[in-house]
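Contents: one structure, followed by commentary.
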DNA sequence: CGACGTTTTCAATCGTTTCTGAAACTTTCG
DNA sequence: CGAAAGTTTCAGAAACGATTGAAAACGTCG
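Residue numbers (the working numbering), protein chains in the order written: chain A, 30 to 230; chain B, 30 to 230.
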């Protein structure tokens, strides 16, 4: 096995992860930077990233900053070195929790707020009554909004129980649900289990 | 209340939903079309959509097709009318299940497959041994890949239990978890007040 | 069967987002 | 304090995905 096969695998991982990122509305480069930090597992500095990913300094800097904001990458200082190094969160579940937390905060919460506003916009104000004609439509309209709101409220709850300090809760629940769903066996143990997913229909 | 206030609310909903879509990697227009169908609740034809959303015929057609593929919009035929009409799935949970199913199929499953390949790429082949130098790095590299794979496997399980015919399972679980989440003193509650959805019961 | 209304496709265009590179800024150290 | 090293910002350039509009395909009806 050639000694640089790890590097090749890393490159491939970076590409794959970057692609996934862009499918989920995250800038490709940001995902790539994260991928690189995650897969190498060790702290890298801006120049390392620039060189390895062939991107500009500005881009590298911005992406790093964003990852820091997301809380899935942390600064590392080395004694006797003025450079800053960066290291990715190593625990996949912690990483995912951070992502969920941020996306809820940035996208779902504002969305909920807007939906409430829209709901209020046609909500009956005190002492005012909708015209007879509009009544049914309005009711149905508001019912649909409410259903959406209810849904997002539930989602909020789920996400909180996942994200919270005691958030391992969902990790456990996920496993239980996993069993229900597909009989997916996953237990502790670093052994290379390449268990195939069994469809349960 | 002016009779067109529903229309105004609909427009606003369309805008909000479209924005959300693009934040999650769905084309804005497609999300808008869906929003329109959902919020009006009744079947619309291509021309209705073109006019209301001010988009081209081609765009409307493509977006409709995509929504059909996602399984969150269905064709409706009207007797004595050659046009095709389209109607959005009305049940929020069913809609969300369809979305999860599709995104898993299109994005997560391929990702998993790729990760397996990458894993195999450096996996020890029979009778071959990694050079001593690379040993530790390789082990750590593969461990990180495995963790990711394990995670996605669990995710797959959760999603299956959600998506499957008996998928109401997660709906119930979600509510339970939601309660837990609400009860748990979670970190500085972002903006989770205003939880006054009217209960029908 | 040919004409008409409707839907689909696709190359060209347009608009948005991302990326670059250089300048401005900040921090550290002699 | 000033120089050196590092980081951030930002206007313009490039890349990418979305959108259009016209033409082809489809299916129906007289």
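Glycine residues also receive a C-beta, built at the ideal position from the N, C-alpha and C atoms.
Span of the alpha helix (DSSP H), counted from its first residue to its last, around residue 148 of chain B: 138-151
Within 7 Å of chain B by C-beta, residues of the segment 57-72 of chain A in sequence order: 67, 68 and 70
Span of the beta strand (DSSP E) around residue 86 of chain B: Counting along the chain, residue 86 of chain B falls outside any beta strand (DSSP E), though it belongs to the alpha helix (DSSP H) covering 86-99.
Interface positions of the segment 35-52 of chain A facing chain B (Cβ-Cβ less than 8 Å), listed along the chain: 35, 37, 38, 39, 41, 42, 45, 49, 51 and 52
Cβ-based burial, residue 218 of chain A [other Cβ within 10 Å; buried from 16]: With a pLDDT of only 34 at residue 218 of chain A, under the threshold of 50, the placement of this residue in the model should not be trusted; the figure read from the coordinates follows. So residue 218 of chain A ends up on the exposed side.
Own chain partners of residue 117 of chain A with C-beta closer than 7 Å, once the 5 adjacent residues on each side are dropped: 63, 66, 67, 101 and 102
Buried/exposed call for residue 60 of chain B, threshold 16 Cβ in 10 Å: buried
One or two residues paired with residue 115 of chain B in a DSSP bridge: B/73 and B/104
Under 8 Å by beta carbon: chain B residues contacting residue 170 of chain A: 35, 38, 39, 68 and 70
Distance, residue 108 of chain B Cα to residue 185 of chain A Cα: 43 Å
Option nearest residue 47 of chain B by Cα separation, candidates B/39, B/37 and B/58: B/58
Status (buried if at least 16 other CB within 10 Å, exposed otherwise) for residue 170 of chain A: buried
Neighbour-count burial assignment, residue 111 of chain A, 16 or more Cβ in a 10 Å radius: exposed
Proximity winner among A/104, A/167 and A/181, relative to residue 39 of chain B (alpha-carbon distances): A/167
Residue 97 of chain A versus residue 133 of chain A: straight-line alpha-carbon distance, rounded: 17 Å
Cβ separation of residue 121 of chain B and residue 180 of chain A, assumed to be a contact under 8 Å, to the nearest whole Å: 5 Å
Near-chain A residues of the segment 85-100 of chain B - C-beta to any C-beta below 7 Å: none
Residue 50 of chain B, DSSP secondary structure in three states: helix
Residue 185 of chain B CB to nearest heavy atom of the ligand FMN below 8 Å: Among the components of this structure there are no ligands whatsoever, and the ligand FMN is therefore not found.
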